[in-house]
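My numbering puts the first residue of the sequence shown at 176, with every later residue one more than the last.
Just so you know, even glycine gets a beta-carbon here, dropped at the ideal spot from N, CA and C.
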Amino acid sequence: MIRNPERRFRTRRAGLAPSPTGVRRHHPDFSARESQGWKALDAEGRLPEDGWRREQEWALKMGLPGSESLTDRSIPTFARGELPHFAGINTFLKAPYVEDVRDVGRYDAAVVGIPFDSGTTYRPGTRFGPQGIRRISALYTPYNYELGVDLREQMTLCDAGDVFTIPANLEKSFDQITRGVSHIFSSGALPVMLGGDHSIGFPCVRGIAECTSKRIGIIHFDRHIDIQEKDLDERMHTTPWYWATNLANVPAVNLVQLGIGGWQVPRAGVQEARKRNTNVLTIADIERMGLEKTAEVALELAWKDADAVYISFDVDSVDCGFVPGTGWPEPGGFLPREALKLLGLVTAPGVCGIEVVEVSPPYDTSDITALFGTRVVVEALGSMVAHGTMGKHRAIIDKPVSF
């Protein structure tokens, strides 16, 4: 057979095929200046840097000027503040530690650890959640690129340390937690709770509810319904919303639960949710509606006739492939970016408190679950800062406590 001599040059090997004719062009509708990436670049230029300069000056004052061989004269001898991320004594996001908790009212938000896992029914370890979250939070900066927000410049944040919980005593620990949360809330600072197992949801909400006569809704991210009356004859991590919605100003009709489903939802909880007329959206519901519509529905239900909304975020709402370090992992949950997007949308109008629960470092891999717990907190704070709703909760404090 006679071969066409021209074909021997038309091979797939680089350099032998003829150059393509014509010129490749960008999509005609694409404008680089209209992308979120460019808008974020532009937004950063409008952020102040006063907070960062104050931190540098404080670090030099408290940590001594650095050695003469350093050309960067902003570096102290002893590590203070954000840098270096691998050094220092970790608070959440390297925020100031408030040794005297009576000073928390000087800040917009106060992080408090709740190292408690006596409400766990299977895998303990969440008592180490606050430590794990604080440790890996050192990896973060206070600036978010997409939001164009810098928490250091646009709000004040402190770390109040941990509530003194009582191992193996649920009720005394609940009383301690309620007392600590009510103190922070009464001060005007937004309480940000790092759990701990999900049993802390009840005493945390109780701590806020007792400081106000106003009505509170709850948006709850989880795979588990957590509203049965008791588990193993106690108020465990499967029961917080039964008891929280027994409070006079926290009605069950304002409880919205996102992501519930799978093979770990006790029927006793399902029966109670039906009896109390709560609101449950599964992952399938959320996929069908989309994240934006889900957020609209969740906000409408949680805020209906309510004056404030509380956020409870259980990390096991996310597919367990992304959050192995948790007490009761379940496949089929949110993808991380879905959960974070939805969280940002529902926190935008402002919240009266937020808890992150069920981070269990003993089961974690490379701190990825604790890292996600950190991201939940900063995503919520960033959304409120971006929408100008940080501090909105202060309007409902009409029965502050004093200790």
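In terms of CA proximity to D397, E505 leads the group C527, E505, R281. If you look at L456, you'll find it in the beta strand (DSSP E) that goes 454–456. In the DSSP assignment, the residues bridged to S487 are H395, E530. With contacts defined by Cβ atoms closer than 9 angstroms, F339 and R410 do not form a contacting pair. Taking C-beta atoms as the reference points, G300 and G500 count as a pair closer than 9 angstroms. In the three-state DSSP reduction, V338 falls in the coil class, being neither helix nor strand.
Following the DSSP letters along the chain, one finds V367 inside the beta strand (DSSP E) bounded by residues 365–370.
Check the Cα spacing between L517 and each of S312, L332, E554, C379: the tightest is with E554. The beta carbons of P305 and G280 sit no closer together than 9 angstroms. Looking at the DSSP output, G444 shares a beta bridge with no other residue. For F509, DSSP records a beta bridge to V493. Judged by their CB atoms, S487 and I435 are not nearer to each other than the 9 angstroms cut-off. Within the region 276–353, complete alpha helix (DSSP H) segments of at least 4 residues are found at 304–312, 326–329, given in chain order. Exclusion of the five residues before and after F261 leaves no residue of its chain whose Cβ lies closer than 6 angstroms to its Cβ.
Using a Cβ distance threshold of 9 angstroms, V380 and A423 do not count as a contacting pair. Judged by their CB atoms, F360 and G382 are nearer to each other than the 9 angstroms cut-off. Residue burial annotation: S362 is buried, with at least 16 other C-beta atoms found within 10 angstroms of its C-beta.
Looking at R277, V431, D406, the one whose alpha-carbon comes closest to that of W478 is V431. Taking C-alpha positions only, R463 is separated from V493 by approximately 18 angstroms. When the alpha-carbon of N454 is set against those of G392, G508, A443, the nearest one is in G392. Residue range 430–433 is occupied by the beta strand (DSSP E) that includes V431. The residues A335, H358, in chain order, have a CB closer than 7 angstroms to that of V276 in the same chain once the five nearest residues on each side in sequence are set aside. Collapsing the DSSP output to three states places E554 in a helix.
Taking 9 angstroms as the cut-off, the Cβ atoms of V498 and T544 count as close. Burial state of R221 is exposed, judged by a 10 Å Cβ sphere holding fewer than 16 other Cβ atoms. In this chain, the alpha helix (DSSP H) harbouring R228 covers 225–238.
With contacts defined by Cβ atoms closer than 9 angstroms, Q439 and W503 form a contacting pair. According to DSSP, E409 shares a beta bridge with D406.
Leaving aside the five residues that flank H395 on each side, the residues in its chain whose CB is nearer than 6 angstroms to its CB run, in chain order, Q432, S487. Straight across, the Cα-Cα distance linking K214 with F205 is about 14 angstroms. Under the three-state reduction of DSSP, P271 is assigned to coil, being neither helix nor strand.
According to the DSSP assignment, W478 belongs to the alpha helix (DSSP H) that extends over 466–478. Secondary structure of P378 (DSSP, three-state): helix. Cβ-Cβ distances below 7 angstroms link L510 to D494 in the same chain, with the five nearest sequence neighbours on each side left out; the list follows chain order.
Under the three-state reduction of DSSP, P536 is assigned to helix.
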